[in-house]
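Just so you know, the sequence shown maps onto residues -19 to -1, 1 to 392 in mature numbering (1 follows the signal peptide of the UniProt record, and there is no 0).
Beneath this line is the structure, given in structure tokens, with notes to follow.
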Amino acid sequence: MNLEVIFLVFSILFQISVSKKDAKSETEDSFRATNEWKEIKEGQKVPSGLHYKINLSTGKKEAKILTPEDDDKTKSFVLKDDTDTEESEGTITTPEMEQFLKKVNKKKSKFNMPSKLRTMDEILEELGDIELQPKSDLAILQELFKKFQEEAIKNANELSIITILKDLTYLGHQIDNANEFYNLDGFRKIIYKQLNSTNIAIKHETLKLFSVLAQNNPKVKVHILETGGIAILSRIINQEDNDLIKNSALTALSCTLRTFPHAQNKFIEIGGLSILTESFKTGTIKLKLKIVTLLNDLIVERQSDADNFENHGNLDIDEALFKLDWCNLLNELMNDLIEIDLTDFDSIEKCLLSMGSLANKCQNVYKNEPLLKLYKTLLRNEDAESDYLQYLKNLTSQLVGTDYKLNKEEL
């Protein structure tokens, strides 16, 4: 009997304990709203019809029963659904939202976000010495000269000097700027000094600047002649072992000599033709083609403007080249070009033109075998009837002579 009573009491106590746990669990899972703001715990189920907010102090979500007073406040704004096209957007005016916006503005200030666009004066003040006003080319040239002198004094690295030279080259394409360059004594202060540099890159950039300044600029050409520039270039071509520098110096020399009879005579007088001849004998195909192109231009200029050259004490360049054995040198070049690439018509054309300009001295010396080989190749080419190949065939046939002219039927 006592056991039954004990069992009954134990069962009643167990049921009461389970009921309390279920009630507690249900209480924890469901949010019980009151007339006061109450925190919504994570995971709690929240019934509809309540007034919600985020506590800006704690960042927690809170809710309370919606009272008539609260209902009037909420009517001042509407949360518009994306699919609602009829309902107009409301204006947020609640004190909570105003407080929220104040908080947002404070957070923005932590990231140094500007409240307004800066004025131009403020931007310029931050940029410091950067000048946004355009400068004249002369002012830029003067600044580059000053910068070059400063860099030279402190033995600046290669890159600094090359950058200045490139900038000067860019400006030098304008004839007025080229004239200002020599007015500022740039050849003595910059070019001639840098041509004595042992640095190949600096020397190369200096020669590029030289060429740009001299090209099609009579005033600069006269200045180069008067300051000994032709002799300096001739010395570089004669003594320099580097092919890049030789080629660049030859380009600068060509820009200086073309259409300038007095400079050409000066070049011949100081032994320039002999220098070109020796450089040709030991040079690359590229250098050889540049040399024969220059010589051809000099010869053609004299032939097309004989009166002008006579007025400048014309020197017989044809005879001088004949004595330097250029007839055979051109034979050798043509043979090399044909052996290397018989379809390199651009290079072959340069050689043909040079041979043609000296034909009055060398016609009987030119070898027909390589020329005939070339002529046959031109006839067999699938584009043989094109204007360019017809032009090359005419040049070749003039050198071979009428007795050796060929037709397709004879091949």
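Cβ atoms here follow ideal geometry from the backbone N, Cα and C, with glycine treated the same way.
Which runs of the alpha helix (DSSP H) spanning at least 4 residues fall entirely within the stretch 320 to 344, listed in chain order?
326 to 338, 340 to 343
Anticipated Cβ contact below 8 Å, E186 with K147, distance rounded:
6 Å
Tell me K26's beta-bridge partners as DSSP assigns them.
S11
Go ahead and pull the three-state DSSP assignment for H154.
coil
For S335 and K374, the rounded distance between their alpha carbons
15 Å
Pairwise C-alpha distance: F290 and R239:
12 Å
According to DSSP, is V346 helix, strand or coil?
coil
For K149 and V201, what's the separation of their Cα atoms in angstroms?
According to the sequence provided, residue 149 is Leu. The question's Lys does not apply to it. Whole-angstrom Cα-Cα distance: 15 Å.
Quick check: the Cα distance between Y163 and I249, rounded to an integer number of angstroms?
25 Å
CA-to-CA distance, C343 to I256, given in whole angstroms
21 Å
With a threshold of 8 Å, are at least 3 pairs of Cβ atoms found where one atom belongs to the stretch 276 to 285 and the other to the stretch 317 to 330?
no
Please specify which runs of the alpha helix (DSSP H), each continuous and at least 4 residues long, are wholly inside the stretch 233 to 301, giving them in chain order.
242 to 250, 253 to 263, 266 to 285, 287 to 292
As a quick exercise: from N219, A287, A230, pick the residue whose alpha carbon is nearest that of F241.
A287
Secondary structure of D222, DSSP reduced to three states
coil
Nearest to E221 (by Cα), restricted to the options I171, N180, H204, A244
N180
What's the C-alpha gap between L140 and N228?
22 Å
Quick check: the Cα distance between I329 and M315, rounded to an integer number of angstroms?
7 Å
Am I right that I211 and I205 are in contact with their C-beta atoms under 8 Å? What's the rounded C-beta distance?
7 Å
Distance check for D368 and L353, CA to CA, integer angstroms please.
20 Å
Can you have a look at L225 and say buried or exposed, based on whether 16 or more other CB atoms are within 10 angstroms of its CB?
exposed
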